[in-house]
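S.K.: Protein chains in written order, with the working numbering: chain A, 1 to 223; chain B, 1 to 223.
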């Protein structure tokens, strides 16, 4: 049972190294990526969509060229354990999800996936064994077509200096940057000793109280 | 000039392997991570915030334990080239940004950062040389305190079956999953041949027309 070009145990080691621990979700995610790639064409540039921020993005980043930072992976956090790969030229691709109806044969995976037992009562060894043995058999695969408006790279356009914080920002965001507009979850308490010149920073005086508004806006589209 | 435990050229190779190409933003990001770590305490569990989705998250993922999938890295895409690391127990940490006022000595970095030249007119060799030579000297570091309401892990709570698509989802999202509620940018056109049982899928009939609403919602808090 391989995960792309890796033996399962090799993949487990790569997950440990990147993700910090051999998380069941990243391991199952490896098989999900593998199943998608069995069906994807060899040619073409692939982009990825991940429907959860939990675990699964790391399987994609470990096994494919798609990362958060290069923009080929986008996380749409709608809480479903599913991923899609598609040709960015035409939006054609495959979606793979974990199929709950196929978990009856794998009770420890079901316990984990549906949180039927507290974590400390789960049998991690048995869970790993069931993940390794079930492989892609618990996954569902479907053809998808990505909406044309979702394809293509979002460009931020020009870059300018924010008149408040004097940092670079995309002026398409407004007359001041979104940080100075209040979209930050931190307070700048002091300039670190001797490392940068003192100057007036807009956000030092920003009230961070309205956390709800912050969270509402923190994931707004980047336009 | 090292980037954490790597010689610069080693880091360039790691960036190529993970990010797909030696992107200037990931290289400069390496020095930014390095500068933050020079000031962070050895003890404690660190989380990261990145203020742009472009390039910088990959420097964090390559050089620290924080990834998107393990939740220790969160991207707040407000378009500023800055990152923060903080102790998750108390929110104390450091923010590092690229300081535009320090770029006058490095004209090719300035050209790239402010998009002053079209990409094809930029001198990539010179840009790489200036990145390597400038190192952390173009970065600004500040102490930050993360808002208490931003600390801690967001829990999705219970998991249930969506009555429409029959996939697992967090019922705290509503009576049906956000995918079936329209938050998907794709159309499921057919079940891949023989790989999964046919069944009624809610999203097969969902109109994906309202892309604006989709993008508005795709980054909503997962609460």
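Think of the CB as a built atom: it goes at the ideal place given N, C-alpha and C, for glycine as much as any other residue.
(1) Could you give the uninterrupted runs of the beta strand (DSSP E) lying entirely in the segment 49 to 110 of chain B, keeping only those of 3 residues or more?
(2) Answer with buried or exposed for residue 111/A, where buried requires no fewer than 16 other C-beta atoms within 10 angstroms of its C-beta.
(3) Assign residue 285/A to buried or exposed, taking buried as 16 or more other Cβ atoms, counted over all protein chains shown, within 10 Å of its Cβ.
(4) Residues of chain A with CB under 9 Å from residue 134/B, in chain order?
(5) For residue 78/B, I'd like the list of residues in its chain whose CB is within less than 6 Å of its CB, leaving aside the five on either flank, ordered along the chain.
(6) At 3 residues or longer, and completely inside the segment 129 to 170 of chain A: list those beta strand (DSSP E) runs for me, N to C.
(7) Look up residue 7/A in the DSSP assignment and give the residues it is bridged to.
(8) Exposed or buried, what is residue 202/A when buried is set at 16 or more other beta-carbons lying within 10 Å of its beta-carbon?
(9) Please report the straight-line C-alpha distance between residue 121/A and residue 186/A, rounded to a whole angstrom.
(10) Taking residue 166/A as the query, report the chain B residues whose CB atoms sit under 8 Å from its CB, ordered along the chain.
(11) DSSP on residue 47/B, reduced to helix/strand/coil?
(12) To the nearest angstrom, how far is the alpha carbon of residue 40/B from that of residue 170/B?
(13) Going by C-alpha distance, which of 20/B, 18/B, 21/B, 26/B is nearest residue 3/B?
(14) Pull up the distance between the alpha-carbon of residue 101/B and that of residue 168/A, whole angstroms please.
(15) Where DSSP assigns a beta bridge to residue 188/B, which residues make up the other side?
(16) Determine the DSSP secondary structure at residue 115/B, reduced to helix, strand or coil.
(17) Would you identify the three-state DSSP class for residue 200/A, choosing helix, strand or coil?
(18) Under DSSP, the alpha helix (DSSP H) around residue 38/A begins and ends at which residues?
(19) Taking the straight line between their C-alpha atoms, what separation do you get for residue 164/B and residue 83/A?
(20) Output the distance between the C-alpha atoms of residue 61/B and residue 67/B, rounded to the nearest integer angstrom.
(21) Within the same chain, show all residues whose beta-carbon is closer than 7 Å to that of residue 55/A, passing over the 5 residues directly before and after it, in chain order.
(22) Let me make sure I understand the geometry here. Which of 31/A, 94/A, 6/A has the alpha-carbon closest to that of residue 139/A?
(23) If we call anything under 7 Å between Cβ atoms a contact, is residue 85/A one with residue 45/A?
(24) Given a cut-off of 7 Å on the beta-carbon distance, is the pair residue 49/A and residue 74/A in contact?
(25) Which chain A residues sit within Cβ distance under 7 Å of residue 169/B?
(26) Along the segment 40 to 60 of chain A, where does the CB come closer than 8 Å to a CB of chain B? Name the residues.
(27) Relative to the alpha-carbon of residue 137/B, which residue among 36/B, 7/B, 64/B, 18/B has its alpha-carbon at the smallest distance?
(28) Quick check on residue 198/B - is its C-beta less than 7 Å from some C-beta in chain A?
(29) Chain A beta carbons: is any one of them nearer than 7 Å to that of residue 202/B?
(30) Are any of the Cβ atoms in chain B nearer than 7 Å to that of residue 142/A?
M.R.: On the basis of the data shown:
(1) 73 to 75, 82 to 87, 92 to 98
(2) Residue 111/A sits at position 111 when you count from the first residue of the first chain. By the neighbour-count rule (16 or more Cβ atoms within 10 Å), residue 111/A is buried.
(3) In this structure chain A extends from 1 to 223, so residue 285/A is not present and cannot be described.
(4) As a position in the second chain, residue 134/B is number 134, starting the count at 1. The premise fails here: residue 134/B is roughly 14 Å from chain A at the closest Cβ pair, so nothing lies under 9 Å.
(5) Position 78 of the second chain, counted from the start, is the residue given in the question as residue 78/B. For residue 78/B, where only same-chain residues beyond five positions count, the Cβ hits under 6 Å are 51.
(6) 139 to 146
(7) The residue you call residue 7/A lines up with position 7 of the first chain. According to DSSP, residue 7/A bridges with 2/A.
(8) Position 202 of the first chain, counting from 1, holds the residue named residue 202/A. Confidence at residue 202/A is low in this model, with a pLDDT of 34, below 50, so its placement is unreliable and the value that follows should be read with caution. Residue 202/A should be labelled buried.
(9) In the first chain, residue 121/A corresponds to position 121, counting from 1. In the first chain, residue 186/A corresponds to position 186, counting from 1. If you take the alpha carbons of residue 121/A and residue 186/A, they lie about 37 Å apart.
(10) In the first chain, residue 166/A corresponds to position 166, counting from 1. Correct list: 100, 101.
(11) To locate residue 47/B, count along the second chain from 1; it is residue 47. Residue state, collapsed to three classes: strand.
(12) Stepping through the second chain from its first residue, residue 40/B is reached at position 40. Stepping through the second chain from its first residue, residue 170/B is reached at position 170. Straight-line Cα distance between these residues: approximately 36 Å.
(13) Within the second chain, numbered from 1, the residue matching residue 3/B stands at position 3. Per the Cα distances, 26/B.
(14) Start at 1 with the first residue of the second chain, and residue 101/B comes out as number 101. Start at 1 with the first residue of the first chain, and residue 168/A comes out as number 168. The alpha-carbon atoms of residue 101/B and residue 168/A are separated by roughly 10 Å.
(15) One-based indexing of the second chain puts residue 188/B at position 188. DSSP output for residue 188/B lists 144/A as bridge partner(s).
(16) Numbered from 1 along the second chain, position 115 holds the residue referred to as residue 115/B. Here residue 115/B sits in coil by DSSP.
(17) Locating residue 200/A in the first chain gives position 200, counting from the first residue. Per-residue confidence for residue 200/A stands at a pLDDT of 33, beneath the threshold of 50, marking its modelled position as unreliable; the derived number appears in the next sentence. In this structure, residue 200/A counts as coil in the three-state DSSP scheme.
(18) Taking the first residue of the first chain as position 1, residue 38/A is located at position 38. From DSSP, the alpha helix (DSSP H) with residue 38/A extends over 24 to 39.
(19) Looking up residue 164/B in the second chain gives position 164. Looking up residue 83/A in the first chain gives position 83. One C-alpha to the other measures close to 18 Å.
(20) Here residue 61/B corresponds to residue number 61 of the second chain, with the count starting at 1. Here residue 67/B corresponds to residue number 67 of the second chain, with the count starting at 1. One C-alpha to the other measures close to 5 Å.
(21) Taking the first residue of the first chain as 1, we reach residue 55/A at position 55. For residue 55/A, where only same-chain residues beyond five positions count, the Cβ hits under 7 Å are 23, 25, 26, 29.
(22) Reading the first chain from its first residue, position 139 is the one you call residue 139/A. Nearest C-alpha to residue 139/A: 31/A.
(23) The residue labelled residue 85/A in the question sits at position 85 within the first chain. The residue labelled residue 45/A in the question sits at position 45 within the first chain. No, Cβ-Cβ distance for residue 85/A and residue 45/A is not below 7 Å.
(24) Taking the first residue of the first chain as 1, we reach residue 49/A at position 49. Taking the first residue of the first chain as 1, we reach residue 74/A at position 74. Taking 7 Å as the Cβ cut-off, residue 49/A and residue 74/A qualify as a contacting pair.
(25) By one-based count along the second chain, residue 169/B stands at place 169. Per Cβ cutoff of 7 Å: 79, 80.
(26) 49, 51, 53, 54, 55, 56, 57, 58, 59
(27) Here residue 137/B corresponds to residue number 137 of the second chain, with the count starting at 1. Checked all of 36/B, 7/B, 64/B, 18/B; the closest Cα to residue 137/B is 36/B.
(28) Sequence index remark: in the second chain, residue 198/B carries index 198 (1-based). Summary for residue 198/B: the model assigns pLDDT 37, below 50, so the residue's position carries little reliability; its value from the coordinates is reported in the next sentence. No, residue 198/B lies away from the interface with chain A (no Cβ there is under 7 Å from its Cβ).
(29) Translated into the one-based positions of the second chain, residue 202/B becomes position 202. Reliability fails at residue 202/B, whose pLDDT of 34 lies under 50, so the model's placement of it is uncertain and no value is given.
(30) Counted from its first residue, the first chain places residue 142/A at position 142. For residue 142/A, the answer is yes, since a Cβ of chain B falls inside 7 Å of its Cβ.
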